[in-house]
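Each residue of the sequence shown is one higher than the last, beginning at 610 in my numbering. Here is the structure we will look at.
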Amino acid sequence: MSPRILFCVIFVWTVIVGPVPEAGAQGVVKKAVSACRRSSVGKGMTPAQIEKILLDRVKRTKNQVPRIPPEELECLPAEDFPSQEIVNWPFRRGPVGPYEDLSFWNTLSPQAKRNYFLAANNRASALSLKQRLQIIKALRKQLPDFWQERLVFPHQPLEDTLLQSIPSGTKYILVGEEHNYSQIQVFLARFLQKYKQQYPHQKVFLLTEFLPTGKNKTALLQHMKKADGGYGYLLNRASSWGITVKGLEARYVFFNDAKAVLDSRVPDESTVDLWTVPESMHLRNRYWLSQIQQLREQYPDAVFIIYAGAEHVSYNTPFNLTKALPQEELFVAHLFSSKPTNNEARDLLDFLGEDKYPFYLEEILAWKDESMRRLAGFDMRLLINEKDYAIK
610 MSPRILFCVI FVWTVIVGPV PEAGAQGVVK KAVSACRRSS VGKGMTPAQI
660 EKILLDRVKR TKNQVPRIPP EELECLPAED FPSQEIVNWP FRRGPVGPYE
710 DLSFWNTLSP QAKRNYFLAA NNRASALSLK QRLQIIKALR KQLPDFWQER
760 LVFPHQPLED TLLQSIPSGT KYILVGEEHN YSQIQVFLAR FLQKYKQQYP
810 HQKVFLLTEF LPTGKNKTAL LQHMKKADGG YGYLLNRASS WGITVKGLEA
860 RYVFFNDAKA VLDSRVPDES TVDLWTVPES MHLRNRYWLS QIQQLREQYP
910 DAVFIIYAGA EHVSYNTPFN LTKALPQEEL FVAHLFSSKP TNNEARDLLD
960 FLGEDKYPFY LEEILAWKDE SMRRLAGFDM RLLINEKDYA IK
């Protein structure tokens, strides 16, 4: 097959249908070759024609997004709705971005690249919204059980409660946080110190979205001491205790600032961080998993503490990390501030429970039943206060 025909096959299939699935890709290509030979589509296409195909694809995929009942709108994150436009991406310079592995990617204009992403995000938004509505329905049905069956814990430092709750043999401790509360980083630092004291000979990695993959980690850690006090405090302390700190984030995410202009159905917010919309979460988590899997091959017996935002590590969120990790070796802890921003609900349990089932008042939330933990999204949730966990 000539390179020109092969390019035609891959391009037409990808822009009209989507990326070729890994499994069965050869059969797909053979069928697409036959279709391409019977049609002139894709041959000698101008940039304007390519952009039109991708723009049509954006419109078509947007129709796949489900209609949301008005009473459910406020339960759903704004980022999950389709985006209309992208600001400050792709970049002329800097780290490579997503889709660089696609053979036709660098032939596309910047607007065509944005349209490719928007169409992919429409599909991811549709999937994400459907999954969240299913979770909301299941949680509403079981709210009384969640309230009645919550566990009671002794009064002691919260880091001790967390440490005692993690089963021996756990190899993946996923810590999901509410960003930008320094007491959470102080709490986690104390937990890590006690974890290393309890398992002094265990190889432990702290893998985090708060550092990029690649080089210059030492310089970034030093910079974070001043620029980002809580995170700098935690990551430098962890290193001093013999915990290997590594970044998970792709460099094009970590070093680039881009925005997504949200769908008009989201009245209260106009733009969000591009890297928080569903397709971005899909791409980021897939990249993180590739880093984790490579490291696991090198260190089969190590414990990986994966530290990121709660959306990345929750059992019940779309595209989360837990689905691809050994279930019997997982423990998911969520860490939130005891005083939520603007008194907003921290998660769906807080939102749905309201004052009838005031989960928002519970300093510690956990259940014996595994299915309940999976539905709630975590094995344990802790509310961290500023008074007991201040940087000193």
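Beta carbons: idealized from backbone N, C-alpha and C, even for Gly. Just so you know, these numbers come straight off a predicted model, no measurement behind them.
| Asked | Found |
| --- | --- |
| Per-residue burial, Val696 [other beta carbons within 10 Å of its own, 16 or more giving buried] | exposed |
| Test item: CB-CB of Lys1001 and Val912 under 8 Å | no |
| Helix, strand or coil at Trp976 [DSSP, three-state] | strand |
| Neighbourhood of Tyr725 by C-beta distance below 6 Å, restricted to the same chain and skipping five residues each side | Leu663 |
| Check whether Leu857 and Thr817 have beta carbons under 8 Å apart | yes |
| Assigned exposure category for Gln765 - 16 Cβ within 10 Å defines buried | exposed |
| Inter-residue spacing [alpha-carbon to alpha-carbon] between Ala919 and Thr655 | 44 Å |
| Burial state of Val922 (16 or more Cβ within 10 Å) | buried |
| Beta bridge counterpart(s) of Val854 as assigned by DSSP | Leu815 |
| Which residues DSSP lists as bridging Val912, in chain order | Val813 |
| Contacting residues, own chain, Cβ-Cβ under 8 Å from Gln802 (five flanking each side not counted) | Arg846 and Trp850 |
| Coarse secondary structure for Phe863, derived from DSSP in three states | helix |
| Exposed unless 16 or more other CB atoms sit within 10 angstroms - verdict on Arg893 | buried |
| Alpha-carbon spacing of Glu906 relative to Glu683, whole angstroms | 42 Å |
| Minimum C-alpha distance to Leu844 - residue among Phe800, Val881, Leu767 and Gln811 | Phe800 |
| Residue burial classification, Asp997 (beta-carbon count within 10 angstroms, cutoff 16) | exposed |
| Assigned exposure category for Pro707 - 16 Cβ within 10 Å defines buried | buried |
| Cα-Cα separation, Leu767 to Leu991 | 8 Å |
| Assumed close pair Ser947, Ile793 - CB separation to whole angstroms, cut-off 8 Å | Not a contact, Cβ separation roughly 10 Å. |
| Straight-line Cα distance separating Ala999 from Pro763 | 22 Å |
| Proximity below 8 Å, CB of Ile914 to CB of Val784 | yes |
| Limits of the beta strand (DSSP E) - the one that Phe940 falls within | Leu939 to Ser946 |
| Simplified DSSP assignment, three categories, for Ile993 | strand |
| Helix, strand or coil at Val705 according to DSSP, with G and I counted as helix | coil |
| Lys652 - DSSP class collapsed to helix/strand/coil | Here the model assigns Lys652 a pLDDT of 44, short of 50, so the residue's position is not dependable and the matter cannot be decided. |
| Span of the beta strand (DSSP E) around Gln936 | Element bounds for Gln936: n/a, residue is neither H nor E. |
| For Tyr781, the first and last residue of its enclosing beta strand (DSSP E) | Tyr781 to Glu786 |
| Candidates Leu961, Ala859, Ala869 and Phe987: closest to Arg895 by CA position | Ala859 |
| Ser774 beta carbon less than 8 Å from that of Met989 | yes |
| Cβ-based neighbour list, Ala933, same chain, cut-off 7 Å, excluding 5 preceding and 5 following | Leu898 |
| Close-in-space but distant-in-sequence residues of the same chain around Glu787 (CB under 6 Å, 5 per side omitted) | Phe945 and Ser946 |
| Lys722 in three-state terms, based on DSSP | helix |
| Other residues of its chain near Asp754: CB distance less than 8 Å, five sequence neighbours each side excluded | Met981 |
| Cα-Cα separation between Ala985 and Lys661, rounded to whole angstroms | 43 Å |
| Ile745 versus Leu957 - alpha carbon distance | 7 Å |
| Minimum C-alpha distance to Gln903 - residue among Tyr804, Thr822 and Leu829 | Thr822 |
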